[in-house]
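Quick notes on the structure that follows.
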Amino acid sequence: MATMTQIMETTKTPNTVIQAMIKEDPNIFVPTEEEIDAYCSQVYCPSSVMPHGVFALVEPMSWKIKALSQNAKKLFEKDATELLDTSLLELFHDGSKIEEALGNEDLALVNPVTLKVKKEGEALVNLILNRSVSGIIVDMEPCDAGERGIDFHQWTHQAIDRMRACDSLEGMRQQVCQDWHNMCGFDRVHVYQYHEDDHGEVITEVRKEHPKVPTALGLHYQASDTPRRTRQMLKEVYVRHVSDSGSSDKGIRMVRGLVFDREEIMSKSQLRPPHPNHKEFLANQGVAASITLSLVVKNRLWGVVQGYHMQGKRFLPYRMRKAGECLVQALANEISKQADSAALRRSVRATQLNAKLTHTMSKVGGGATTSPPRPESTCTESTSCLVVRKAGECLVQALANEISKQGTHPSLFCPFA
18 MATMTQIMET
28 TKTPNTVIQA
38 MIKEDPNIFV
48 PTEEEIDAYC
58 SQVYCPSSVM
68 PHGVFALVEP
78 MSWKIKALSQ
88 NAKKLFEKDA
98 TELLDTSLLE
108 LFHDGSKIEE
118 ALGNEDLALV
128 NPVTLKVKKE
138 GEALVNLILN
148 RSVSGIIVDM
158 EPCDAGERGI
168 DFHQWTHQAI
178 DRMRACDSLE
188 GMRQQVCQDW
198 HNMCGFDRVH
208 VYQYHEDDHG
218 EVITEVRKEH
228 PKVPTALGLH
238 YQASDTPRRT
248 RQMLKEVYVR
258 HVSDSGSSDK
268 GIRMVRGLVF
278 DREEIMSKSQ
288 LRPPHPNHKE
298 FLANQGVAAS
308 ITLSLVVKNR
318 LWGVVQGYHM
328 QGKRFLPYRM
338 RKAGECLVQA
348 LANEISKQAD
358 SAALRRSVRA
368 TQLNAKLTHT
378 MSKVGGGATT
388 SPPRPESTCT
398 ESTSCLVVRK
408 AGECLVQALA
418 NEISKQGTHP
428 SLFCPFA
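For the sequence shown, the working numbering begins at 18 and goes up steadily by one.
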């Protein structure tokens, strides 16, 4: 029986998918438009954040906190309600670094900003900054001292060089999975490709040999396993990380009367939580933590590189996630290049075949001034003649005295017409 999610991910208007489901099972549940809107709201506009970090929305000039996640106490030793309308800069040593970072037009070049919190122990945190029409989005995540000792830029360049040294696309995918598996430490890393009908297939895999880590290589998954709205978000946000699929999300406190575009804010936040259905999906597979890196080729979601960790929660710092993103986008570029090369080869081959047919017809017909020959007369050569007209509009094969046709073809290729 189809699940609630599968039905919700169809369009709101009647379609053959829903009609087929109802015909198969008259008792099947079909949600109302209000229920579909509520589902979409949870996907785009959650009112909570993942608990491994602290979320804040601040005014750009005064730096006053206008919204703050309820788990702020674990970082600042004060409740979120106490910190609303206070200056974010006052909570950190060298808070002026935040102002300096915002002087850059492209915040991706300065993220993350690493600061010490003004409290006992002076915990290090990474601040990921993003601009929005409602203010400055500040995601605060834990920073491991060991993380700062890793040169992620050098690792990325070396990993890309190893990938490009491979002599096939399959080898490139395998090398990317291996390098990312070694870096992130997840139990399984695989490439998941979307086919023409939107169903998915695991086409490359690297995994630890462990009873809790079964292979998924070669498995096919129905299109509804990645809802259309999720696919659109993966095209817009290339990295999605869930460090603990079993954790409870934390709500957001706001100053009284605050109104902001929650969809815009949460789509840019690193702490946007997954939909409850996705958490259930991960739990059913025994996945405690995951990371998804988008493979976008020619503005199309070609697939994703996914990391699954089964043996407990696992948090990947921001710099590591960005390194993985760069590596996967380099793979996407190689996929795009190979697609272009294949298209060029097809075009050249079609041109060659068209020239061969034209030459054969001209030779048999006695030149361009004579009437066009009947197709039977062009089949006297022992070799077959294959024609692709206008990049696949029609295909004709002449072998011995038999002619086979596919697609829309001119009347010239209808010998008995």
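Here a beta-carbon is modelled for each residue, glycine too, at the ideal position from N, C-alpha and C.
- Task: Could you check the C-alpha separation between residue 335 and residue 368 for me, to the nearest Å?
- Result: 49 Å
- Rounded to the nearest angstrom, how far is the Cβ of residue 307 from that of residue 324, given a contact under 8 Å? 6 Å
- Item | Cβ-heavy atom distance, residue 374 to the ligand ADP, below 8 Å | Absence of the ligand ADP is noted for the structure shown, with no ligands found whatsoever.
- Item | CB-CB length for residue 66 against residue 290, believed under 8 Å | 6 Å
- Query: By Cβ distance, which residues of its chain are closer than 8 Å to residue 95, with the 5 residues on each side in sequence left out?
  - Reply: Only residues of its own chain outside the window of five on either side were considered, and among them 89 have a CB closer than 8 Å to the CB of residue 95, listed in chain order.
- the stretch 266-283 touching the stretch 150-162, judged by at least three CB pairs closer than 8 Å: At 8 Å Cβ cutoff, the stretches touch.
- Task: Determine contact between the stretch 169-180 and the stretch 340-348, defined as no fewer than three beta-carbon pairs at a distance below 8 Å.
- Result: yes
- Task: Given a cut-off of 9 Å, decide if residue 180 and residue 196 are closer than it, judged by their beta-carbon atoms.
- Result: Closer than 9 Å, so yes.
- Task: Would you be able to state if there are at least three C-beta pairs under 8 Å between the stretch 65-81 and the stretch 99-110?
- Result: yes
- Query: How long is the line joining the alpha carbons of residue 84 and residue 51, rounded to whole angstroms?
  - Reply: 28 Å
- Message: Please return the same chain residues whose Cβ sits closer than 6 Å to the Cβ of residue 70, not counting the five positions on each side in sequence.
- Response: Excluding positions up to five away in sequence, the list reads 156, 157, 158, 288.
- Skipping 5 residues on each side, what residues in its chain have a beta carbon closer than 7 Å to that of residue 282? 74, 149, 151, 154, listed in sequence order.
- Message: DSSP has residue 322 in a bridge; who is on the other side?
- Response: 208, 310
- Task: Look up residue 258 in the DSSP assignment and say whether it is helix, strand or coil.
- Result: strand
- Can you check the stretch 224-269 for any alpha helix (DSSP H) of at least 4 residues that lies completely inside it and give the ranges in chain order? 245-253
- Task: Quick one: give me the first and last residue of the beta strand (DSSP E) that residue 157 is part of.
- Result: 152-159
- Query: Using DSSP with H/G/I as helix, E/B as strand and the rest coil, what is residue 130?
  - Reply: Here residue 130 sits in strand by DSSP.
- Message: I'd like the span of the beta strand (DSSP E) that includes residue 71, first residue to last.
- Response: 71-75
- Query: Taking the DSSP output, what are the residues bridged to residue 221?
  - Reply: 208
- Task: Compare the beta carbon distance of residue 93 and residue 269 with 9 Å and say whether it is the shorter of the two.
- Result: no
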